[in-house]
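Counted the way our numbering counts, the sequence shown spans residues 175 to 329.
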Amino acid sequence: MTNVTEKVEALAKPIVEREGMELVDVEFVKEGADWFLRVSIDKEGGVDLEDCVNINEQLSEALNNDDPIDEPYYLDVASPGAERPLKKAEDFEKAIGKHIYVKTNDPVKDATEFEGTLLAYNDEMLEIEVRVKTRKLKIEIPVIKIAMARLAVMF
């Protein structure tokens with residue numbers, strides 16, 4: 175996490191939680207010439223446009239008062255969507271039994287990308303069941319090797 179995202183997370187978390195929602199992710203990224211501050215929020219049953227507008231207005235005011243970002247940027251508050259990122263232990267624990275996608279830094283069982291059902295998770299390892307042709311295989315992936323993980327939509 176960058177210093178900017180840490181500062182924004184510290185500002186956003188109490189606002190989001192006060193509204194009965196969860197702060198899922200904060201990203202500060204440059205796309206072309208523009209900077210974007212992306213804040214993902216969620217709640218039981220999902221968020222709607224009104225929720226996003228409400229948090230956007232409150233967070234915008236807090237950001238204007240605290241001013242933690244030097245560059246001009248666009249603030250985007252949205253739902254994490256169907257392919258929600260899995261970053262924290264709680265995210266993985268909630269995803270047990272769900273279809274996920276995992277990309278690793280180093281190969282595990284000669285592969286760096288996996289898609290399947292998350293069977294188990296602890297601080298050191300996750301177990302995922304993947305389909306290879308007609309067989310199902312259980313693969314253990316060390317958490318330290320995970321570059322990125324998210325929920326995946328299965329068709």
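Using N, Cα and C, we set each Cβ at its ideal position, and we do this for glycine too.
Chain-order list of residues whose beta-carbon lies under 7 Å from that of residue i (same chain, five-residue window excluded)
i, result
"residue 175", "Unreliable positioning characterises residue 175 in this predicted model, as indicated by a pLDDT of 44, which lies under 50. A coordinate reading is not provided."
"residue 298", "316, 317"
Cα-Cα separation between residue i and residue j, rounded to whole angstroms
i, j, result
"residue 200", "residue 234", "14 Å"
"residue 272", "residue 198", "17 Å"
"residue 237", "residue 262", "24 Å"
"residue 254", "residue 222", "11 Å"
"residue 230", "residue 328", "31 Å"
"residue 248", "residue 194", "25 Å"
Residue from the options with nearest C-alpha to residue i
i, options, result
"residue 219", "185, 283, 256", "256"
"residue 216", "241, 309, 192", "192"
"residue 305", "289, 246, 180, 241", "289"
"residue 281", "213, 315, 246, 227", "315"
"residue 181", "226, 240, 311", "240"
"residue 242", "177, 320, 325", "177"
"residue 322", "307, 311, 258", "258"
Cβ-based burial, residue i [other Cβ within 10 Å; buried from 16]
i, result
"residue 207", "exposed"
"residue 276", "buried"
"residue 295", "buried"
"residue 325", "buried"
Residue i Cβ short of 7 Å to the ligand NAD heavy atom set
i, result
"residue 303", "Absence of the ligand NAD from the depicted structure is noted, as is the absence of any ligand whatsoever, leaving it without description."
Residue(s) in a DSSP beta bridge with residue i
i, result
"residue 179", "In the DSSP output, where bridge partners are listed per residue, residue 179 has none listed."
"residue 254", "Paired residue(s): none; residue 254 is not in a bridge."
"residue 204", "209"
Cutoff 6 Å; reference residue i; Cβ partners in own chain excluding five residues on either side
i, result
"residue 246", "none"
Residues of its chain near residue i, where Cβ-Cβ distance is below 8 Å and the 5 sequence neighbours each way are ignored
i, result
"residue 203", "209, 210, 212"
Chain C contact for residue i (CB, 8 Å cutoff)
i, result
"residue 190", "In the displayed structure, chain C is absent; only one protein chain is listed."
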